[in-house]
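The structure appears right after this line, and notes come after that.
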């Protein structure tokens, strides 16, 4: 039942001690989350590079592949806290058409992915979790193919295409 007074130092040695305690607590939390300083720095750099409002903790990346223009499949790779999260990787068989149409395939895969989200959005795992960022292997065409899917489901998830230059280096 006694009144408690909290003092917050504004300068001097006491402020340095408080700042050191705060930094130690942040480092302990990062370690507890399984992240190292390198992963934190990379995610922060990605946030700044892409002009995102928040650091992307859960990233989904999609790529379409086919054999000689047939048997199209898509791969979904997931990163959680800056590390590959293999438990959430997924392979999709393209079902709605035969042939080689990356745009249509990308649209189908993301439609199926977010349809599954609608069914399981109360879960925090698998398709019940929305990504903070979506990366597509491809350029503007792939991005334009997926934008209507996000609108259809009422989702505002940052979406970027990754394009390789003539030296096979990727840029967003």
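Residue numbers (the working numbering): 167 to 338. Glycine included, C-beta positions come from ideal geometry on N, C-alpha and C.
Close Cβ partners of residue i (< 8 angstroms) along its chain, the five nearest in sequence each way excluded
i           : result
residue 323 : 296, 297, 298, 299, 300, 316
residue 313 : 325
residue 220 : 213, 298
residue 278 : 258
Status (buried if at least 16 other CB within 10 Å, exposed otherwise) for residue i
i           : result
residue 107 : The question about residue 107 has no answer, for the chain in this structure spans 167 to 338.
residue 303 : buried
residue 209 : buried
residue 238 : buried
residue 222 : buried
residue 288 : exposed
residue 275 : buried
residue 211 : exposed
residue 173 : exposed
residue 327 : buried
C-beta contact flag for residue i and residue j at 8 angstroms
i           : j           : result
residue 154 : residue 272 : An answer regarding residue 154 cannot be provided, because it is not within the stretch 167 to 338 covered by the chain.
residue 234 : residue 258 : no
residue 321 : residue 280 : yes
residue 248 : residue 192 : no
DSSP state of residue i mapped onto helix, strand, coil
i           : result
residue 250 : strand
residue 255 : coil
residue 300 : strand
residue 245 : strand
residue 227 : strand
residue 329 : strand
residue 262 : coil
residue 277 : helix
Residues of its chain near residue i, where Cβ-Cβ distance is below 7 angstroms and the 5 sequence neighbours each way are ignored
i           : result
residue 286 : 292, 293, 294
residue 269 : 307, 308, 311
residue 175 : 181, 184
Cβ neighbours of residue i in the same chain (closer than 6 angstroms, five flanking residues each side left out)
i           : result
residue 319 : 280
residue 283 : 293
- Item | Cβ contact (3+ pairs, closer than 8 angstroms) linking the stretch 177-185 and the stretch 248-264 | No: fewer than three Cβ pairs fall under 8 angstroms.
- Message: Measuring CB atoms only, is the stretch 303-317 touching the stretch 220-231, in the sense that at least three cross pairs come out at less than 8 angstroms?
- Response: Yes, they touch.
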